[in-house]
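Quick note on the numbering used here: the sequence shown kicks off at 10 and runs consecutively. Think of the CB as a built atom: it goes at the ideal place given N, C-alpha and C, for glycine as much as any other residue.
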Amino acid sequence: MKKVLFVCIHNSARSQMAEAFMNRLGAGRYLAE
């Protein structure tokens with residue numbers, strides 16, 4: 010399983026949404042943090 014880290018400086022909601030999408034679409038293949 011590959012790990013992906015999303016970092017956002019100005020708008021924290023973007024990184025949270027990106028994390029949720031990656032965890033949902035890449036279930037079992039990727040782990041977003």
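C-beta atoms of Asn-32 and Ala-41 nearer than 8 Å: The count along the sequence shown starts at 1 and reaches residue 32 at position 23. The count along the sequence shown starts at 1 and reaches residue 41 at position 32. Contact check for Asn-32 against Ala-41 passes: the beta carbons are separated by less than 8 Å.
task: Kindly identify the DSSP beta-bridge partner or partners of Ala-41.
output: Taking the first residue of the sequence shown as position 1, residue 41 is located at position 32. The partner list for Ala-41 (beta bridge, DSSP) reads Val-13.
- prompt: For Ala-22, which of helix, strand or coil comes out of DSSP?
  reply: On the sequence shown, residue 22 is found 13 positions in, with the first residue counted as 1. Three-state result, Ala-22: helix.
query: the ligand MG heavy atoms versus the CB of Cys-17: any closer than 7 Å?
result: In the structure on display, the ligand MG does not appear, and there are no ligands present to speak of.
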